[in-house]
Amino acid sequence: MKVYTLGGYEEVGRNMTALEFKGKVLILDMGVRIDRVMIGEDTNIQAMPIKELDRLGAIPDVTPLKGKKIVGVVVSHGHLDHIGAVSRMARKYKCPVVGRPYPLKLIASMMKEERKKFENPLFELHDSSITLGPFEIEMMPVTHSIPQSSFIIVHTPEGDVLFTGDYKLDEHQILQKPLSFPKLKKLDIRLLIIDSTNVMNEGITPSERVARTMISDYMHMIEDSNAGIVTTTFSSQVERISAIIREAENIGRKPVLIGNSLCKYYGLALEAGIVDTKVQMVRRRDAAMATLKEINANKEKYMILTTGSQGEPEAMLARMTDRKTPFFFEKDDNVVFSASIIPNPLNKASRYKLETKLKMQGANLVKNLHVSGHASREEHRKIIKTLSPEYVLPCHGFPDMLISMAELCNEEGYDVGKHVIVKRNGQSFDI
Ligand SMILES: [Zn+2]
260 MKVYTLGGYE
270 EVGRNMTALE
280 FKGKVLILDM
290 GVRIDRVMIG
300 EDTNIQAMPI
310 KELDRLGAIP
320 DVTPLKGKKI
330 VGVVVSHGHL
340 DHIGAVSRMA
350 RKYKCPVVGR
360 PYPLKLIASM
370 MKEERKKFEN
380 PLFELHDSSI
390 TLGPFEIEMM
400 PVTHSIPQSS
410 FIIVHTPEGD
420 VLFTGDYKLD
430 EHQILQKPLS
440 FPKLKKLDIR
450 LLIIDSTNVM
460 NEGITPSERV
470 ARTMISDYMH
480 MIEDSNAGIV
490 TTTFSSQVER
500 ISAIIREAEN
510 IGRKPVLIGN
520 SLCKYYGLAL
530 EAGIVDTKVQ
540 MVRRRDAAMA
550 TLKEINANKE
560 KYMILTTGSQ
570 GEPEAMLARM
580 TDRKTPFFFE
590 KDDNVVFSAS
600 IIPNPLNKAS
610 RYKLETKLKM
620 QGANLVKNLH
630 VSGHASREEH
640 RKIIKTLSPE
650 YVLPCHGFPD
660 MLISMAELCN
670 EEGYDVGKHV
680 IVKRNGQSFD
690 I
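Residues 260 to 690 (this note's numbering) are what the sequence shown spells out, left to right.
This is the structure in structure tokens:
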């Protein structure tokens with residue numbers, strides 16, 4: 260078996276790995292690198308020519324797969340750095356795309372936005388497995404920061420491969436049960452391909468329950484206030500969005516979701532039966548104006564949940580701050596950031612600008628009511644110890660993260676270079 264490391268092996272983003280057995284290839288994830296797209300003039304990935312995305316280094320380079328038979332694309336979860344290139348790149352292979360229902364719904368909605376014919380069948384996997392060429396694929400649900408994230412298990416004639424995608428070991432999420440360790444212990448894994456994003460964080464990543472409690476505590480602090488409350492988080496963080504909606508209701512305010520991407524992710528989660536609390540969702544910009552006018556006149560009755568946690572200039576929060584909408588921040592209004600800043604210079608600058616403007620208008624800023632969705636060092640150690648795989652391939656990270664994962668494996672008795680394989684984009688190795 261040959262393993263191709265195509266994307267995410269020298270960066271956080273555009274994840275793509277491929278397995279080849281006797282000329283048949285299975286692709287694991289196919290993502291975009293968002294920061295590269297944002298540097299371009301147009302941020303709409305769907306509208307950008309594929310050559311331009313390639314030139315920017317925003318999508319994986321698939322040259323090593325040229326002329327090979329692609330039997331399928333399997334996706335671990337619905338974040339854009341794992342599925343963002345599927346609708347653009349899988350078309351030419353005409354192969355099935357396999358995943359759990361929620362990420363597939365997101366892919367289907369991207370295809371719709373592109374308005375181009377997409378002939379690839381979409382296969383939803385629940386507790387079942389599917390065979391594509393020499394590969395038998397199973398999904399194993401795991402906690403992360405978007406619904407229906409999974410470990411992908413691939414049974415191959417050369418042994419079993421486990422691809423973690425992104426994960427954290429969280430015992431206290433509401434929408435996703437914890438990873439099943441009894442099931443994990445039964446596996447006999449030859450190759451573990453493991454997310455390295457937060458491996459340099461010592462200890463464990465705090466549970467989603469911590470974020471939930473911080474939000475709840477703050478909302479109760481301002482329960483008696485008549486001022487405005489505007490919250491923002493990542494649009495795909497449905498678990499968090501649900502928690503914020505519950506807290507709004509707990510303090511007697513009506514939650515309103517404003518912004519296209521936020522409504523898209525929450526709407527699809529409703530459609531998939533992942534959440535069941537229906538809320539007012541305002542997707543279109545013109546409709547948002549009327550809603551914001553009503554809220555501005557009755558701030559004490561509502562809690563706004565909106566897009567723009569990174570300070571993106573075109574997102575709703577920045578537009579509200581720039582007084583481009585009929586909602587006006589005034590002294591003692593509360594702006595709650597339930598998100599971290601994705602650390603690239605562009606985001607840092609945008610957030611700085613946004614926060615300064617909000618403060619000038621007298622708003623109270625509450626930052627970092629947030630926990631990460633990526634496992635820290637001790638969680639990775641637990642997975643490596645439990646599976647005790649023959650080979651480990653660190654993925655999803657800049658070189659320092661991949662090397663730190665290799666060091667962790669070394670602490671667990673692995674020979675780096677022999678049984679721990681550190682690669683860069685565009686390389687391959689045999690097992
Ligand atoms: Zn993710």
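Just so you know, even glycine gets a beta-carbon here, dropped at the ideal spot from N, CA and C.
Ligand 1 heavy atom lying under 7 Å from the CB of residue i
{"i": "Ile405", "result": "yes"}
{"i": "Gly632", "result": "yes"}
{"i": "Asp425", "result": "yes"}
{"i": "His341", "result": "yes"}
{"i": "His336", "result": "yes"}
Pair within 8 Å by beta-carbon distance, residue i and residue j
{"i": "Leu605", "j": "Asp294", "result": "yes"}
{"i": "Tyr426", "j": "Val625", "result": "no"}
{"i": "Ser495", "j": "Ile366", "result": "no"}
{"i": "Pro323", "j": "Tyr263", "result": "yes"}
{"i": "Phe241", "j": "Gln539", "result": "There is simply no residue 241 to check, as the chain begins at 260 and stops at 690 in what is shown."}
{"i": "Met289", "j": "Met275", "result": "yes"}
{"i": "Arg471", "j": "Ile488", "result": "no"}
{"i": "Val401", "j": "Phe410", "result": "yes"}
{"i": "Asp419", "j": "Ile448", "result": "yes"}
{"i": "Gly331", "j": "Leu391", "result": "yes"}
{"i": "Leu428", "j": "Lys641", "result": "yes"}
{"i": "Leu667", "j": "Val458", "result": "yes"}
{"i": "Pro441", "j": "Glu430", "result": "no"}
{"i": "Gly645", "j": "Leu443", "result": "The sequence given here has Thr at residue 645, not Gly. A contact, by the Cβ cut-off of 8 Å."}
{"i": "Leu628", "j": "Leu564", "result": "no"}
{"i": "Gly337", "j": "Val291", "result": "no"}
{"i": "Ala755", "j": "Thr584", "result": "The shown model of the chain, from 260 to 690, leaves out residue 755, and the question about it has no answer."}
{"i": "Gly266", "j": "Asn603", "result": "no"}
{"i": "Lys353", "j": "Lys283", "result": "no"}
N-terminal and C-terminal residue of the alpha helix (DSSP H) that residue i is part of
{"i": "Ile636", "result": "Checking the sequence, you will find Arg at residue 636 rather than Ile. Run containing Arg636: Arg636 to Leu646, per the alpha helix (DSSP H) assignment."}
{"i": "Thr456", "result": "Segment: none, Thr456 is in no alpha helix (DSSP H) and carries neither H nor E."}
{"i": "Ser609", "result": "Pro604 to Met619"}
{"i": "Met548", "result": "Arg544 to Ala556"}
{"i": "Leu285", "result": "Looking at the DSSP string, Leu285 is not in any alpha helix (DSSP H); the run it does join, the beta strand (DSSP E), is Lys283 to Leu287."}
{"i": "Asp313", "result": "Ile309 to Arg314"}
{"i": "Asp659", "result": "Pro658 to Glu670"}
{"i": "Thr580", "result": "Met575 to Thr580"}
Residue interval of the beta strand (DSSP E) (run including residue i)
{"i": "Tyr263", "result": "Lys261 to Gly266"}
{"i": "Asn623", "result": "Asn623 to Val625"}
{"i": "Cys522", "result": "Careful: Cys522 lies outside any beta strand (DSSP E), inside the alpha helix (DSSP H) at Asn519 to Glu530."}
{"i": "Ala277", "result": "Met275 to Phe280"}
{"i": "Tyr650", "result": "Tyr650 to Cys654"}
{"i": "Ser687", "result": "Gln686 to Asp689"}
{"i": "Met540", "result": "Gln539 to Val541"}
{"i": "Ile563", "result": "Tyr561 to Thr565"}
{"i": "Phe596", "result": "Asn593 to Phe596"}
Any 3 or more C-beta pairs closer than 8 Å across the segment 637 to 656 and the segment 472 to 481: no
Touching by the beta-carbon criterion (3+ pairs, under 8 Å), the segment 350 to 370 and the segment 417 to 434: no
Between the segment 591 to 602 and the segment 525 to 537, can you find at least three pairs of beta-carbon atoms closer than 8 Å? no
Looking at C-beta atoms only, is the number of pairs between the segment 568 to 580 and the segment 503 to 510 that lie closer than 8 Å three or more? no
Identify every run of the beta strand (DSSP E) within the segment 469 to 505, keeping only runs that are complete inside it and at least 3 residues long; order them along the chain. If one requires a minimum length of 3 residues, the beta strand (DSSP E) runs lying completely within the segment 469 to 505 are 488 to 491, in chain order.
Which parts of the segment 395 to 454 are runs of the alpha helix (DSSP H), unbroken and 4 residues or longer, counting only runs that do not cross its ends? 440 to 445
In chain order, what are the residue ranges of uninterrupted alpha helix (DSSP H) at least 4 long that sit wholly in the segment 316 to 396? 339 to 342, 345 to 348 and 360 to 373
Sufficient close CB pairs (3 or more, under 8 Å) joining the segment 316 to 333 to the segment 367 to 378: Note that the segment 316 to 333 does not touch the segment 367 to 378; fewer than 3 beta-carbon pairs, one per stretch, sit closer than 8 Å.
For the segment 550 to 562 against the segment 450 to 466, do three or more pairs of beta-carbon atoms, one drawn from each stretch, fall closer than 8 Å, so that the two count as touching? no
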